[in-house]
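Residues 1 to 90 (UniProt numbering) make up the sequence shown, in order. Contents: one structure, followed by commentary.
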Amino acid sequence: KVTVDRRVINDRSNVRYLIEENIRDGVNFDLRKGIESFTDKGAELQVEPCLHPLCKWAVAQEGALLNEVFCGADFACWRGTINRMALTIL
């Protein structure tokens, strides 16, 4: 979890659930599809300081599977935000 002052607490105190059967081998999403026509939500989203604690937390995890890395947490964000995060690893 992230504290009010954006410190990352790497524990399972706010654990949620993950439905494993929704994550299948061979799932292929083209995250570049539609990126040329997205709605720009402003320059402030280019920096997105709220992603830094999330990324710092994710990197601190040792598991290889999605449910291990994110401890079953759910994330909600704009499609453009998730695209930017995913495109950085492609």
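Backbone N, C-alpha and C fix where the C-beta goes; we use that ideal spot for every residue, glycine too. It should be emphasised that the depicted structure is a prediction, and the values quoted were computed from it without experimental measurement.
**Q.** Selection from 34, 30, 55 and 32 that minimises the alpha carbon distance to residue 2
**A.** 55 is the residue among 34, 30, 55 and 32 whose C-alpha sits nearest the C-alpha of residue 2.
Q: For residue 53, I'd like the list of residues in its chain whose CB is within less than 6 angstroms of its CB, leaving aside the five on either flank, ordered along the chain.
A: 2, 6 and 8
Q. Does DSSP classify residue 8 as helix, strand or coil?
A. strand
Q. Can you pull the DSSP bridge partners for residue 2?
A. 8
Q) In three-state terms, what does DSSP make of residue 62? A) coil
Q: Please state whether DSSP places residue 56 in a helix, a strand or coil.
A: helix
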